[in-house]
Amino acid sequence: MTTTPAAPPPTIGSGHEGDIKDQFVAYFRNLRQGEMGALPALGGFVVLVILFSFLSAQFLTPLNMANLLTQSATLMTLAVALVFVILLGEIDLSAGVTSGVGAATFVVLVHNTRMNWIVALLIAFAVGLAIGAFIGFFVARVGIPSFVVTLGLFLGFQGLQLLIIGSGGAYRPETPEIIALMNKNLPVWLGWTLYAVAILIAIGIAVWDRYRRNRAGVANRPITLMFLRLGAIAVAGALFTALLSADRAPSRGSLGGVAIAHDPIVGVPIVVPFAIALLWIGTFVLDRTRFGRHLYAVGGNPEAARRAGIRVAGIRMAAFIICSTLAILAGIFDASRIGVVTAASGNQIVLSGVAAAVVGGVSLFGGRGRLVHAAIGALVISVIANGLGLLGLPAGVNYLVTGGVLILAATIDALSRRRGGGTLAR
Amino acid sequence: MDMPVIELTDVEKRFGPVEVLKGVNLRAFAGKVTALVGDNGAGKSTLVKGLAGVQPYDAGEVKFNGEPVGLHTPREASALGIEIVYQDLALCENLDIVQNMFLGREETAFGTMDEGVMERQASETLQSLSVRTVKSVRQKVSSLSGGQRQTVAIARSVLKDAKVVILDEPTAALGVAQTEQVLNLVRRLADSGVAVIIISHNLADVFKVADYISVLYLGKMVAELETKKTNNEEVIGYITGINTPEISTSSISTSEGAKA
């Protein structure tokens, strides 16, 4: 298939052989066979951004782009949480209310007991862990479908949240550190430092991968490709950081030719590095650890996984625990952004999280999809809400468009698969 | 004749009142293909599930390289190097060939999977079996044909130095060309020194690939034949119970359905 001049040409390839042209040819061949991954969602995101930037003058301003990032962080976190169970072909309908329960636990503890906010945060995460273990027990050990268990919890936890908060109650997060997550920005120097650290880690991982493959004596992709990829990440990251490091406060106009002074808004929103770290660490776990591999295996064929010696029930349990614990993080993010926690916090968001994962290209049947897909899906859904909001359209339009995009995404996925002639009917 | 790698003597298995294996003897030799044939319900599956440690035998002796061993769990079986390739293959379609071959026994270094090492071992194993039908070891199993999947399942079984490989109906779902490929693979597997036990309903396949043919009839081993010295008719006679056993020490005349 490939004409590689590399040392010992093995009769069975691995897709890593060949020069850079072969690599691109192979990539586009995979695309045509329906392995499109997040590409449709990414394309949709770009189209939406272009569309809204023509429709609204405020849309493509740095201020709004930063807003979009913080607006999407909650949904992104919840979607990432859900991917862990969706990869198993399971679902957690209670993830939204779990996030609400977590936020409620946190604010009530801090307000009523005046305890250290870090301790309260740890307790909130422990609640998430316990909820996940509870779901996991009923799904993996008792054998109830996750849809039913988590539907029950979806109903039950709305009551739990009501009991924690009290009827008609509303708590403001009082912890400055938590409020800062969504409302404050990193100092410019720290933004650039984190950027540099991230690039260094990316380079380190890429070099380490090449080293390991070389040591094992298998083909590596052309090194040019590594440079191209790292270069693209570095440039995109630098643009992103630079954009967020410039003053994005709206102009207050001018008086007699002199601009009216305003407080500058600069720096990367504090939540952004947290979201990126979450995505990166989660992807690392899924792609590079045995646990991640086993998660995909159980999602693809539980019986095969069982025969291979994988403890299927343990994997299921772990996935639900991860999902619920990350859902708590989403709840904290939401509390920080909205600035208030009520008995209804998080009640509505779970299906948007599922939609984000599906729009991004994660299969609800399990075994297929990546965290970054869910993140891109969350961006798409957030950009719809953001753009339509700027246009002053009623909220009803937002739901209609979001629903339409979801069905469109599923259609593109199904059609690309059919054209690829894959044996997977789904 | 050499010492058999695996030797079962008088193994018995019953499920409640149903006696499925009534004192069965079976031998398999290194470098040889032993076909296990018999009609539906003869006890073939029960016999190999015992070998795999999935359903341990109730009674009887198991010798591995002449030493008595216990086969009570799948772990004990795989520790001895006994691997079984099930009819439904048990592959994950969403994973690639390397990932499937190493599933549950991934190579790791520093807590992360060492893809390079796994990839090399997978290619080497496939090449040692002279597999030429697979283009890339990083192909997803969902993109493979039935024969290719069977190849991957067999390669998976020999990845970790298997001594005995049991194949349950490896050609049942395959077309003519793919059957040919898999049978060639089975032959190469045996030639590499593995003791192969193959369950099959297709006598044409059996005669093509097997060195010995063991016939189960109603929970009894009624014949252990050398392929060269027997023929289709004789084997069918034993399978259907028309031929009476010569090698069995106990009579099966009491078995209902046995017809002279």
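These protein sequence lines map, in sequence, to chains A and B. Under this note's numbering, read the first sequence as residues 1029 to 1454, first letter to last. Under this note's numbering, read the second sequence as residues 0 to 259, first letter to last. Positions of the beta carbon are idealized from the N, C-alpha and C atoms, including for glycine.
The Cβ of Asn99(B) sits closer than 9 Å to at least one Cβ of chain A. The segment 1084-1104 of chain A and the segment 1402-1420 of chain A touch, with three or more beta-carbon pairs separated by less than 8 Å. Within the same chain, and ignoring the five residues on either side of Val1386(A) in sequence, the residues whose Cβ sits closer than 8 Å to its Cβ are Leu1392, Gly1405, Leu1434, Ala1437 and Ala1438. The beta carbon of Val133(B) sits closer than 8 Å to the beta carbons of Ile96, Leu125, Leu143, Gln147, Thr150 and Val151 from its chain, once the five residues preceding and following it are set aside; these are given in chain order.
Beta-bridge partners assigned by DSSP to Ser1282(A): Ala1287(A). Asn24(B): member of the beta strand (DSSP E) spanning Val17 to Ala27, first to last residue.
Residue environment: Arg1243(A) is assigned as exposed (fewer than 16 neighbouring CB atoms within 10 Å of its CB, all protein chains considered). Contact annotation, Ala1277(A) with Ile1293(A): C-beta distance approximately 4 Å; criterion of less than 8 Å satisfied. Using a Cβ-Cβ cut-off of 8 Å, Thr1311(A) is close to nothing in chain B; its nearest Cβ partner there is about 12 Å away. In terms of Cβ geometry, Ile165(B) and Ala78(B) do not form a close pair [threshold 9 Å].
Residue-level contact check: Pro73(B) touches chain A, since one or more beta carbons of chain A fall below 9 Å from its beta carbon.
Separation of Phe1312(A) and Ala34(B) (C-alpha to C-alpha, rounded to the nearest whole angstrom) is 46 Å. Annotation: Cβ neighbours of Asn93(B) in chain A (cutoff 9 Å, chain order): Tyr1324, Ala1325, Gly1327, Gly1328, Asn1329, Ser1391, Gly1394, Gly1395, Arg1396 and Leu1452. The beta-carbon of Leu70(B) is placed no less than 9 Å from the nearest beta-carbon of chain A.
Distance check between Leu20(B) and each of Met220(B), Thr229(B) and Asn242(B) places Met220(B) closest, using alpha-carbon atoms only. For Lys159(B), none of the residues of chain A pass the 8 Å Cβ criterion, the least Cβ distance being about 12 Å. Rounded to whole angstroms, the separation of the alpha carbons of Val1326(A) and Thr72(B) is 22 Å.
At a C-beta separation below 9 Å, Ser199(B) has no neighbours in chain A, since its nearest C-beta there lies roughly 21 Å away.
Taking 7 Å as the Cβ-Cβ cut-off, the segment 44-69 of chain B has no residue approaching chain A.
Not flagged as an interface residue toward chain A: Thr150(B), since no C-beta distance is shorter than 9 Å. Close partners of Asp167(B) in chain A (Cβ separation under 9 Å) are lacking, with about 12 Å as the shortest Cβ gap. Going by DSSP, Gly1184(A) is part of the alpha helix (DSSP H) stretching over Ser1174 to Ile1193. The continuous alpha helix (DSSP H) containing Asp1237(A) extends over residues Val1216 to Ala1244.
Taken through DSSP and simplified to helix, strand or coil, Tyr1199(A) comes out as strand. Among the residues of chain B, none has a CB under 7 Å from the CB of Val1235(A); the nearest is roughly 14 Å distant. In this structure, Lys31(B) sits away from Asp167(B), with a CB-CB distance that is not shorter than 9 Å. Within the segment 1239-1251 of chain A, the residues whose Cβ lies closer than 8 Å to some Cβ of chain B are Arg1240, Arg1241, Asn1242, Arg1243, Ala1244, Gly1245 and Val1246, listed in chain order. Under the DSSP definition of a beta bridge, Lys62(B) partners with Glu6(B) and Pro67(B).
Within its own chain, the residues whose Cβ lies closer than 8 Å to the Cβ of Val1390(A), once the five positions on either side in sequence are excluded, are Val1111, Ile1114, Leu1115, Arg1396, Gly1397, Arg1398, His1401, Ala1402 and Gly1405, listed in chain order. Per the coordinates, the alpha-carbon of Ile1360(A) lies some 25 Å from the alpha-carbon of Phe1175(A). When secondary structure is reduced to three states using DSSP, Asp1(B) falls in the coil class, being assigned neither helix nor strand. The beta-carbon of Ile1298(A) is placed no less than 9 Å from the nearest beta-carbon of chain B.
Counting the other CB atoms within 10 Å of its CB gives Lys43(B) a total of 16 or more, which places it among the buried residues. Gly1394(A) and Ala1107(A) have their C-alpha atoms spaced approximately 15 Å apart.
Contact note: Leu125(B) reaches chain A through Ile1040, using a C-beta cutoff of 8 Å and chain order. Around the beta-carbon of Leu1076(A), 16 or more other beta-carbon atoms lie within 10 Å, marking it buried.
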